[in-house]
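Accompanying notes for the structure given below.
Residue numbers (our numbering): 702 to 737.
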């Protein structure tokens with residue numbers, strides 16, 4: 702079993718009630734030039 706040595710928490714600054722899924726955030730990142 703692989704040892705976990707870090708836990709990363711990714712937060713997004715969204716308006717209250719705005720429903721964003723991981724695929725939405727991924728699309729926004731790619732539009733800004735980030736690679737996954």
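Note that beta-carbon positions come from the ideal geometry of N, C-alpha and C, so glycine has one too.
Discussion item. According to DSSP, simplified to helix, strand and coil, what is residue 730?
Written reply: The answer is helix: DSSP assigns residue 730 an H, G or I state.
Worksheet item: For residue 713, which option in 734, 732, 736 and 727 has the closest C-alpha, if you only look at C-alpha atoms?
Response: Checking every option, the nearest Cα to that of residue 713 belongs to 727.
Worksheet item: What number of angstroms, rounded off, separates the C-alpha of residue 729 from the C-alpha of residue 709?
Response: Roughly 19 Å separates the two Cα atoms.
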